[in-house]
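Residue numbers (my numbering): 50 to 356. Glycine residues also receive a C-beta, built at the ideal position from the N, C-alpha and C atoms. A short write-up of the structure that comes next.
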């Protein structure tokens, strides 16, 4: 999937791409790239609304006056939700009677999405670690997936760069502080067989595991290097009564063979000098060398001596 690494200052759009919109935020490059990615997707697309079962809903809003110090059931809010799962321990608790609210009750394999606040539509997860009865409040949208969709793949797709950009674009342009159900249900979703969804998940998880192992190995190298430096510093200080000598950084300049011109001193190949020489050659097709000017000067002086 495309990743936007830099933003051009100006992007010119054809009339067909303008959609009669004049607000500049509508044309931010990441939004345009996301839209084109979906348009050029070579997989048949449906919508997230077709992925959900009929019980999809927002949570409930128990009044803060009924919050409990202990007992009751957890009320999961946006602050308790992350990509790593649900933090039941930090959730406030409400009377157990609230579990009767079917639309808010967390079920196994529910997809939970934060729909309000600064991290709306980014904090989301699958409720696969549910250990007790719990409900979600109104800042979370929950739904079950139909049988042919893997909920973990659904979350992975929703966290992809194009979908994140598209949803943020809609939220920005509508000027709302939450993600509406209409926006959620209209999100494009690929029609991929369930076994292929799970294959993609396994590949993604393997890549994440490999990345984590590489980071861990690099951290070990950094720690070992730091320990070695401290040991060497201690030897110099304790045994020699001095600091470790500082070794100058050596610079190596690689030069294309066509630019060598039988010169071995590296300053000859300074890029600034090379570019200046190229510029002179381009701007002045005819040139006179300094030595030739000197000959002309000597010739003029000799001629003046005759008169």
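Ordered along the chain, which non-local residues of its own chain (more than five positions away) have a Cβ less than 7 Å from that of residue i?
i	result
residue 226	165
residue 148	122, 154, 182 and 184
residue 285	291, 292 and 293
residue 114	none
Is it right to say residue i is buried, meaning 16 or more other beta carbons lie within 10 angstroms of its own, or is it exposed?
i	result
residue 263	exposed
residue 261	exposed
residue 183	buried
residue 259	exposed
residue 295	exposed
residue 127	buried
residue 112	exposed
residue 129	buried
residue 50	Residue placement at residue 50 cannot be trusted, given a pLDDT of 46 that sits under 50; what the coordinates show is reported in the next sentence. Label assigned to residue 50: exposed.
residue 356	Low confidence applies to residue 356: its pLDDT is 49, below 50, so where it sits in the model is not reliable, and the reading given next is rough at best. Under this definition residue 356 is an exposed residue.
State the CB to CB distance for the pair residue i and residue j, rounded to an integer number of angstroms; the pair is presumed to be in contact (CB under 8 Å).
i	j	result
residue 92	residue 239	4 Å
residue 191	residue 155	7 Å
residue 199	residue 246	5 Å
residue 131	residue 172	5 Å
residue 211	residue 87	6 Å
residue 204	residue 160	6 Å
Alpha carbon to alpha carbon, what distance is there between residue j and residue i?
i	j	result
residue 152	residue 162	14 Å
residue 273	residue 290	24 Å
residue 133	residue 281	42 Å
residue 188	residue 168	11 Å
residue 202	residue 208	10 Å
residue 278	residue 268	15 Å
residue 276	residue 283	11 Å
residue 150	residue 228	22 Å
residue 137	residue 83	34 Å
residue 170	residue 206	12 Å
residue 288	residue 248	60 Å
residue 243	residue 102	16 Å
residue 232	residue 90	20 Å
residue 107	residue 271	47 Å
residue 85	residue 100	23 Å
residue 265	residue 186	38 Å
Within its chain, find whatever has a CB closer than 6 Å to the CB of residue i; leave out the 5 residues flanking it on each side and keep chain order.
i	result
residue 98	234
residue 80	214 and 218
residue 105	192
Go through its chain and collect everything with a Cβ distance to residue i's Cβ below 8 Å, but skip five positions before and after it.
i	result
residue 96	234, 235, 236, 237 and 238
residue 158	175, 176, 177, 193, 194 and 200
residue 250	199, 201, 202 and 205
residue 94	87, 237, 238, 239 and 240
Any C-beta of chain C sitting closer than 8 Å to the C-beta of residue i?
i	result
residue 131	Absent from the structure: chain C. Only one protein chain is present.
Please determine whether the Cβ atom of residue i lies at a distance below 7 Å from any heavy atom of the ligand HEM.
i	result
residue 157	Within the structure as shown, the ligand HEM is missing, as the structure has no ligands at all.
- Task: Spell out a yes or no on whether the stretch 122-130 and the stretch 141-160 are touching, meaning 3 or more CB-CB pairs, one atom from each, closer than 8 Å.
- Result: By the Cβ rule, the stretch 122-130 counts as touching the stretch 141-160, because three or more pairs are nearer than 8 Å.
- Message: When you compare the stretch 239-257 with the stretch 111-119, are there three or more beta-carbon pairs, one atom per stretch, that lie closer than 8 Å?
- Response: Contact between the stretch 239-257 and the stretch 111-119 is absent, because fewer than three Cβ pairs lie under 8 Å.
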